[in-house]
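To keep things clear, I will list the structure first and then write my remarks on it.
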Amino acid sequence: MILKTLSNTSWKIALTGILALSLTACGAGGGASQPNAKPAASGKTSSYPKKPIVIVAPSGAGGGWDKTARSVAKTLAESKAVGQPITVENKPGGGGAVFMAEYATKDKKDNYKLFVSSPPILINNLKKEGNSPYGYKDTTPLAQLTKDYGALVVSANSKFKDMKSVIEALKTDPTKVTVAGGSAPGSMDHLIAVLPAYKSGIDPKKVKYVSYDGGGEAMTSLLGGNADVIATDASSVGEYVKAGKVRVLAVTAPNRLSGELKDVPTLKEQGIDAEFNIWRGIFGPKEMGKDELAFWDAKLKEMSDTEIWKKELQANVWEKDYKNAAEFKAFLAQQESQVKDMLAALGMAK
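For the sequence shown, position 28 (counting from the first letter as 1) is numbered 29 according to our numbering, and the numbering increases by one without interruption.
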């Protein structure tokens, strides 16, 4: 009888202790008091993000990077995918090189500062003149969001009717064909401009390339008769095609595009085995934590599927091409190899 009484008493004491511990855990900030907490990559609960997030456009207002950063911030806010305010900052200089120097050194652990970029992050790091010592390997690639392609464009009354005629003229005398672009020698428009020649066995150093300050100035040069061919973004020429002012000879896409350029052949269709993807993506700091990376991997995929983002793509004439963090990193390695080869052929590799 005494043993039975002690057993019951011990059981009651144990039960009371368990209940007390459970209540204490809830009162101290357990799962019930954090309904918005997310499972982390480590299997633990992550409270990231705890404060506002900044997305940097390493350029002035109004350009492609700026528009991309603002569209991402707008979509994440309106879709309520991220429970913290998101602001956009512009940090122009050196085609993104000035910002990268600061980001790769001072902000390499700042999980609250992201930025957008495109092929210049590779080109600036690989070229000899005016290069940046920092490239995509000094970041954590988070996602590719959009894609565009290069376009080789002539005026509506040009003697060139296809890329074959341009290549033949370059082979005969490359000094007689002026090719222009809206960026400096060794930069993206220059690479697109010489890509068909390079892939056709022509020394790209012999191609006469004239650089202008932006695609608008390059187009003015073409229409004014100061350039024979320009290299530019495919998404920027639709209105000129529609107005009958220009003719697009080729695009650097794997397949034909839609809209005003639906009848334009690719380089491959014209016997030139070349492509160039003008992607735009978002990056984080090099030492971003696993939990934070997992957070953005999920949230950016979620964002890319929203109707809000689809409207942003349409409004900006962008083509969706989402790649997650792992896919994006692998793609960057491939394009880096392509850029390195072309810069080496131009004598501009570091």
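Even glycine gets a Cβ: it sits at the ideal position worked out from N, Cα and C. Owing to the predicted nature of the structure, the values given are computational and were not obtained by experimental measurement.
The C-beta distance from residue 234 to residue 152 rounds to 7 Å, short enough to fall under 8 Å.
It is roughly 29 Å from the alpha-carbon of residue 65 to the alpha-carbon of residue 167. Rounded to the nearest whole angstrom, the CA to CA distance from residue 96 to residue 334 is 20 Å. In the same chain as residue 224, and ignoring 5 residues on each side of it, the C-beta atoms closer than 7 Å to its own belong to 156 and 246, in chain order. Judged by DSSP in its simplified three-state form, residue 174 adopts coil rather than helix or strand.
Exposure of residue 214 is indicated by the presence of fewer than 16 other C-beta atoms within 10 angstroms of its C-beta. Under a 10 Å Cβ-count criterion, residue 131 is classified as exposed, with fewer than 16 other Cβ atoms of the shown protein chains found around its own Cβ. Taking C-beta separations shorter than 7 Å and ignoring five residues to either side along the sequence, the partners of residue 341 in its chain run 127 and 350, following chain order. Here residue 280 is bridged, per DSSP, to 148. Between residue 88 and residue 56, the alpha-carbon positions lie close to 6 Å from each other. Taking a contact as a CB-CB distance under 8 Å, the pair residue 286 and residue 108 counts as one, their CB atoms being some 6 Å apart. Residues 152, 235, 238, 239, 242, 249 and 252 of the same chain have their beta carbon placed closer than 8 Å to that of residue 262, with the five preceding and five following residues left out of the count. The beta carbon of residue 111 sits closer than 7 Å to those of 286, all from its chain and outside the five residues before and after it, given in chain order. In the structure shown, the three-state DSSP call for residue 337 is helix.
Distance from the CA of residue 183 to the CA of residue 101, rounded to the nearest whole angstrom, comes to 22 Å. The residue among 284, 301 and 207 with its C-alpha nearest the C-alpha of residue 114 is 284. Note on residue 48: under 16 other CB atoms within 10 angstroms of its CB, so exposed under the neighbour-count rule.
Our two residues, residue 70 and residue 299, have alpha carbons roughly 18 Å apart in a direct line.
Residue 77: member of the alpha helix (DSSP H) spanning 65-79, first to last residue. Non-local beta-carbon contacts of residue 304 in its own chain, meaning distances under 8 Å to residues more than five positions away in sequence, involve 73, 76, 77, 80, 82 and 310 in chain order.
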